[in-house]
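Each residue of the sequence shown is one higher than the one before, starting from 36 at the first, in the numbering used here.
We put the CB at the ideal spot given by N, CA and C, even for glycine.
The next block holds one structure in the form of structure tokens; read it before the comments.
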Amino acid sequence: MTMDSSFNPSNLEQRWYEHWEKQGYFAPSGQGAPYCIMIPPPNVTGSLHMGHGFNNTIMDSLIRYHRMTGRNTLWQPGTDHAGIATQMVVERQLGLQNITRHDLGRDKFLDKVWEWKAQSGGTITRQIRRLGSSVDWSRERFTMDDGLSNAVKEAFVRLYEDGLIYRGKRLVNWDPKLHTAISDLEVVSEEEKGSLWHFRYTLEDGSGYLVVATTRPETLLGDTAVAVNPDDERYQHLIGKNVRLPLTGRLVPIVADSYVDKAFGTGCVKITPAHDFNDYELGKRHSLPLINVLDKDAKILSEFTVLTFGSYETLHGEKAPEAYAGLDRFVARKQLVKQAEEEGWLDKIEPYALKAPRGDRSGVIVEPWLTDQWYVSAKELAKPAIEAVEDGRVKFVPEQYQNMYYSWMRDIQDWCISRQLWWGHRIPAWYDNHGNVYVGRTEAEVRDKYSLDADVSLRQDDDVLDTWFSSALWTFSTLGWPENTPELKTFHPTDVLVTGFDIIFFWVARMMMMTMHFMKNADGTPQIPFKTVYVHGLVRDSEGQKMSKSKGNVLDPLDIIDGIDLESLVAKRTTGLMKPQDAPKIEKATRKEFPEGINAFGTDALRFTFAALASTGRDIKFDMKRVEGYRNFCNKLWNAARFVLGNCEGQDVAVDHANYELSVADQWIISRLQRTEQAVTEAFAAYRFDMAAQAIYEFAWNEYCDWYLELTKPVLTGDASTAAKAGTRRTLVRVLETLLRLLHPIMPFITEEIWQRVKPLVGKTADSIMLEAYPLADESKINVEAEQDVAWLQAVISAIRNIRGELNISPAKALTVLFHHGGAADQVRLERYRSQLAFLARLEALTWLETGAELPFAATKLVGDMSLLVPLKGLIDAEAEAARLRKELDKLEKEVGRLAGKLENPAFVDKAPADVVAKEQEKLAAVKAEIATLQEQLVKVEAL
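So, in structure tokens, the structure goes:
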């Protein structure tokens, strides 16, 4: 099979993936010890982003590696139903037809959602295939499929029966646009320009007033106290007294609490327990009432609801000021500030930068709101989950992330699991006309369980469960729980969870708690969900900035794989911005960064980039130059394979006989291969994918392609024996074939394509490289002497090439090289490798000079204690070279003057940042060093 003259990934990636999937190679083999990874289920509404590209590369590398080591591997795929996101997508489509979900009703709306899912819900899984991810698609799950829906009901009912689920009134993040509670992960807080309003609260006795600063004036209507720090001497005499609330005239106490920052504002903080999470906790400590002043739309209620901590029963109502009832919160804010100014209780307004919490889907500011929700009691569930990490049953990589886990788990709060949506797992709870609640898997079960007659009217709870609830069951529900399936017995607990640090709280911790509650070992002890949590950081841009649509710096993995022209890239980055006014700035930055768009680099180059960046740091700075470099690596590997096949196909490669001889170069590359195999195996064991990539890259590029292929040419083209040529061909193909297997987990496509051409030469018969064994080092093949000999050879050749480069001597020009000093070992090696040196360094004469011999004028390099001399007389045009060197020196002297002048200028040195000054100093030192080198060369040339 003839290889194309150049590597073109688009010609082979889809072809090979379809073949692998069709043949069922991604499914468990049924042989060997089990090894399982659960894919973090991407949202069914989603499309591929750089985070997916990174974590899929890590997971697929692990799966392919362990598959090739003989493990019975399962990479379980699936998608999340993404309650809010999916409902929004379908509602938006209905909106184009002027239809709302309420027009359709719940059942018909859900039919529309399922229709959308059937038509468009597979986008993300098709894109995951483009990454080469070898997941077992035959086992693909969806968090709303029948099996997982039953698992969710089962989990809810059991937790309720165990006293670990309850319904209660608490503060939640409320999205006034979507009308649902949302998790902290769905709240995006970005710094925005705001104001700090200072209001005067009059003391009850009329003796003065306190000035209270707030960023949310409209919540003043729900204040139930003013708090000061107990150590603040300004207000200690007022603690326990009352102030009168503006607008309503209600008296509220002055309380002391160390939560208050004396330096914030005036040191007096208004406390609104029903509308602020910190105020809620302070209110609980001081038994303050909670006054809810907002409705679900974040409009001012006409009558407020006043509650007390503990019972949460309504005590009484309080009328809203008539002018404010029904106003949107921000309209009410403006009106309140205006009234305060007119009536004289507005002290001042200051500009203030604040973190505004916005719903990531709706974009509106989220309100802390007091509502009835379903909760999981988390503290008891957290105990065994903490112990599993403490005793080492579950390990975090890097280890420092266990501290983040502990911090969250040891101070865990009850988990709000209900959402006010239609799309999702409907809560299996029913209510009668008296408000009594009954929990069961079905209505029929509820009636039987609670002995309810048929004439008792029941209504199922309208809420659905938080998507994190079903995701928390992911490791065992996808394997068939609550049934004790063969898959569950084989693959649980799973081996590795690959996830971002930002969801340790939301997903990792909850999987730990839920798994250890429901899954038990044979002895009844809790079973862990996974043995290792590999935590990776965020993929950021090359400047370390977070990739976001609003910044216009998002990269699409598919654009890097397939390429995209500049105009399409600009349109992609500037369409649908939350702030359209940012479009010109984003367009300008995009045109500057990608003046010709993005070239097609292919999947392998992108995957290798991710692997090479997978260090143990928190964040990954993604640089397109790295992708370009690893695309060059693909080309290098491709061309090396063409060289090998061109020299070995149809030739004796000693595949079926032992009549061959191995040269020192052959023994050296085989030895270096063993060391590389050792390094890669150790790197995979330590989850250091960057080190695995580096070891493979250095061996493939520097040792195999750059050095070994060159070292084979004197043998293949010279008068070496038949056995020697057979030995070199044998080594060429066997090392290449092994290198391909070594590289396959990270670069699956190019390795498969080349391997198919190489395998007949080494006697391999498997249909795919992924079915072959992963290379393991054989220490008996490590040859220290051969490594030392070739290292000496490399050093000599590199020194001669450096002399050529420094003196602009053509590579085609044959040189005379004199060897001086050195030891006996150098002399032996010179004689042993004379022919290789002459061929590879283009030499016409190699002479050993005895000690005391007269030395000619020559360019000199040291290799250990040995000097290499290249006589210069007659070798170069001395006059022309001297002129060139003087011209270059003149240019560099001017640069020295410029830099020195800049550094001697106080206006620059005193005002510029220290790092900028340091860089200029480094430039000056570098230029001076270059001048010194050129001056030495000029002295030598002028002496000719």
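Find out if the Cβ-Cβ distance for the pair I817, Q729 is shorter than 8 Å.
-> no
Q | Of the residues I452, F536, R141, the one placed nearest Y195, counting alpha carbons only | A | Of I452, F536, R141, the residue nearest in Cα terms is I452.
- Please state if the CB of W232 and the CB of I134 are separated by a distance shorter than 8 Å. no
Next item on the list: Would you kindly work out how many angstroms separate the C-alpha atoms of N981 and Q58, rounded to a whole number?
Entry: Given a span of 36 to 979 for the chain in the structure shown, any question on residue 981 remains unanswerable.
Query - Burial state of M613 (16 or more Cβ within 10 Å) - result: exposed
Please report the distance separating the alpha-carbon of L593 from that of Q162.
Answer to the nearest angstrom: the Cα atoms are 8 Å apart.
Check your understanding: Is the beta carbon of W703 sitting closer than 8 Å to the one on A821?
Key -> yes
Q) Is K188 closer than 8 Å to R454 when the C-beta atoms are compared? A) no
>> Quick check on the burial criterion: 16 or more other C-beta atoms within 10 angstroms. Buried or exposed for F636?
In response: So F636 ends up on the buried side.
| Residue nearest to D701 in terms of C-alpha spacing, selected from M726, T786, V819, P615 | V819
query: Count the other CB atoms within 10 Å of the CB of G762; is the residue buried (16 or more) or exposed (fewer)?
result: Per the 10 Å Cβ criterion, buried.
#### Entry: Residues near K555 in its chain [Cβ-Cβ closer than 7 Å; skip 5 each side]
P561, Q562
Please list the segments of the alpha helix (DSSP H) lying wholly inside the segment 75-120, counting only runs of 4 or more residues, in order along the chain. 85-103
Point to revise | For M659, the three-state DSSP class (helix, strand or coil) | key: helix
Checklist entry - Should D824 be labelled buried (16 or more other beta-carbon atoms within 10 Å of its own) or exposed? => result buried
### Task
Starting from the C-beta of W883, find all residues in its chain whose C-beta is less than 7 Å away, skip the five residues before and the five after it, and write them out in chain order.
F854, Q862, L865
Pick out whichever of R666, D537, T757 has its Cα sitting closest to the Cα of R653. The residue among R666, D537, T757 with its C-alpha nearest the C-alpha of R653 is D537.
When the distance is taken between beta carbons, is V207 closer than 8 Å to T406? yes
For the segment 215-226 against the segment 426-434, are there 3 or more C-beta pairs whose distance is under 8 Å? no
| message | Could you tell me which whole alpha helix (DSSP H) segments of length 4 or greater appear in the segment 711-784? | response | Segments of the alpha helix (DSSP H) lying fully in the segment 711-784: 724-732, 744-752, 757-778.
Quiz item: Taking Cβ to Cβ, would you say W458 is nearer than 8 Å to L145?
Solution: By the CB criterion at 8 Å, W458 and L145 fall inside the cutoff.
- request: Return the bridge partner residues of R235 from the DSSP annotation.
  value: V246
Check your understanding: At what residues does the beta strand (DSSP E) containing W404 begin and finish?
Key -> 402-411
Open item on the list: Tell me which residues share the same chain as G86 and place their Cβ nearer than 8 Å to its Cβ, disregarding the 5 neighbours each side in the sequence.
Closed with: Taken in chain order, the residues that qualify are G535, L573, V574.
key: Nearest neighbour of L904, chosen from K896, R836, I911 [CA to CA]   = The shortest C-alpha separation from L904 is found at K896.
- Provide the residue(s) that pair with D208 in DSSP beta bridges, ordered along the chain. The sequence given here has Asn at residue 208, not Asp. Bridge partners of N208: I217, P403.
Any idea what DSSP makes of M613, helix, strand or coil?
coil
**Prompt:** Since E353 sits in a beta bridge, which residues does DSSP pair it with?
**Reply:** Within the DSSP bridge table, the entry for E353 names F339 as partners.
Mapping the DSSP letters down to three states, classify A291 as helix, strand or coil.
strand
> Do you know whose CA, among V192, A120, H779, G840, lies nearest E478's CA?
Replying inline: V192
Cβ-based neighbour list, Y1059, same chain, cut-off 7 Å, excluding 5 preceding and 5 following: Residue 1059 lies beyond the stretch modelled for the chain, which goes from 36 to 979, so this question has no answer here.
* **Simplified DSSP state of A391, which is helix, strand or coil** => For A391, the three-state secondary structure derived from DSSP is strand.
*Just confirm the distance between the C-beta atoms of P463 and V472, as a whole number of angstroms; I'd bet it's less than 8 Å.*
11 Å between Cβ atoms; not a contact.
Assigned exposure category for P619 - 16 Cβ within 10 Å defines buried: exposed
Whole-angstrom distance between K586 and M659, CA atom to CA atom: 18 Å
Cα-Cα separation, N670 to S40: Each residue's Cα considered, the two are about 10 Å apart.
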